[in-house]
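In the UniProt record's numbering, the protein residues as written are 1 to 278.
What follows is the structure, given as structure tokens:
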């Protein structure tokens with residue numbers, strides 16, 4: 001099997017402490033390599049953090065994303081930041097590590113997973129790997145990771161969608177080989193995706209996801225909403241000031257203009273996003 005000498009991975013998660021633990025464990029494993037130099041790019045906590053390290057001879061780029069919150073508006077903002085980061089990784093990402101603590105799978109985490117699928121398309125599951133932190137809790141409770149997953153139906157379903165691949169790390173474990181094992185698992189996942197002729201999740205795949213049925217539905221809703229508002233305004237204006245075309249005509253013209261404006265707004269938004277990415 002080909003061993004990649006470079007990997008680009010992104011960590012996402014709902015639990016800020018768990019995700020920080022995962023990032024620190026990965027980065028700290030590089031400190032034992034004398035040739036390792038850590039480079040950190042971006043310092044804004046609301047933006048993706050980009051680290052470049054060398055681990056066991058591999059060049060590894062780590063993208064740490066803002067955490068998902070408990071409000072839809074904040075989560076949508078977080079997702080936009082994550083998508084912006086993905087679009088700027090020219091060669092694509094080898095894997096998304098979805099970070100969980102060894103706690104019951106919550107509704108918020110289920111919503112996060114659904115949002116990832118919706119935003120990045122169904123193909124993103126081929127690049128996802130659940131990463132569990134605080135692995136010592138398993139030993140303390142006399143459980144295996146498989147047993148823990150099987151006790152959580154929604155979590156089990158998510159893991160099954162990721163081809164059943166998982167990894168467990170423990171930040172209290174000073175043995176750096178656990179991160180090496182993680183990278184080897186990612187390497188196996190990459191080789192499987194290469195066999196499908198798509199070794200990385202790329203910006204073009206994100207664009208395809210954004211222009212899929214979900215966005216077409218948004219466009220239809222925007223057009224319909226524009227027609228309703230435009231029709232109301234057109235009809236109201238004709239009634240108030242009088243018009244040669246009358247109230248029915250005002251409603252028709254207003255609806256037509258409103259529908260076009262709604263659709264144009266969506267198209268301009270998508271086009272602006274793509275221009276911004278470039």
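Using N, Cα and C, we set each Cβ at its ideal position, and we do this for glycine too. Remember, it's a predicted structure, so these values are computed and weren't measured experimentally.
- If you keep only unbroken alpha helix (DSSP H) runs of at least 4 residues inside the stretch 67 to 108, you get 72 to 88.
- The stretch 80 to 98 makes contact with the stretch 186 to 203: 3 or more CB pairs, one atom from each, lie closer than 8 Å.
- Within the same chain, and ignoring the five residues on either side of residue 136 in sequence, the residues whose Cβ sits closer than 8 Å to its Cβ are 170, 172, 173.
- Taking each of 9, 115, 103, 193 in turn and checking the Cα distance to residue 149, the smallest one comes out for 103.
- Short of 7 Å from the beta carbon of residue 79, and not among the five residues preceding or following it, lie these beta carbons of its own chain, in chain order: 115, 119.
- Between residue 162 and residue 129 a beta carbon distance of about 6 Å is seen, short of the 8 Å cut, so the two are scored as contacting.
- By the CB criterion at 8 Å, residue 188 and residue 7 fall outside the cutoff.
- Bounds of any alpha helix (DSSP H) do not take in residue 53; it lies within the beta strand (DSSP E) bounded by 49 to 55.
- By the neighbour-count definition (other C-beta atoms within 10 Å, threshold 16), residue 22 is a buried residue.
- Counted as a single uninterrupted DSSP element, the stretch harbouring residue 46 is not any beta strand (DSSP E), since DSSP gives it neither H nor E.
- Assignment of residue 16 by DSSP, reduced to helix, strand and coil, places it in the helix class.
- Here residue 8 carries a strand assignment [DSSP, helix/strand/coil].
- A Cβ-Cβ distance of about 15 Å is found for the pair residue 13 and residue 124, leaving them out of contact under the 8 Å criterion.
- Of 207, 211, 94, the smallest CA-CA separation from residue 184 is found for 94.
- When 178, 121, 145 are compared, the shortest CA-CA separation from residue 209 is found for 121.
- As the crow flies, the alpha-carbon of residue 56 is around 21 Å from that of residue 132.
- Under the criterion of beta carbons closer than 8 Å, residue 109 and residue 100 qualify as touching, at roughly 7 Å.
- Scanning 179, 178, 106 for the CA closest to the CA of residue 156 turns up 106.
- Per DSSP, the continuous beta strand (DSSP E) segment holding residue 58 begins and ends at 58 to 64.
- Residue 46 sits exposed, since fewer than 16 C-beta atoms from the chains shown fall within 10 Å of its C-beta.
- The C-beta distance from residue 19 to residue 11 rounds to 6 Å, short enough to fall under 8 Å.
- Residue environment analysis places residue 25 among the buried positions, since at least 16 neighbouring C-beta atoms fall within 10 angstroms of its C-beta.
- In this structure residue 9 is in contact with residue 62, their Cβ atoms being roughly 6 Å apart against a cut-off of 8 Å.
- Listed in chain order, the non-local C-beta contacts of residue 180 below 8 Å within the same chain comprise 29, 55, 56, local neighbours out to five positions each way being set aside.
- DSSP places residue 168 in the strand class (E or B) of the three-state scheme.
- According to DSSP, residue 131 shares a beta bridge with 99, 167.
- Here residue 177 is exposed, its C-beta having fewer than 16 other C-beta atoms within 10 Å.
- Spatial neighbours of residue 48 in its own chain (CB-CB distance under 6 Å, excluding positions within 5 residues in sequence) are listed in chain order as 63, 65, 85.
- If you look at residue 189, you'll find it in the alpha helix (DSSP H) that goes 177 to 195.
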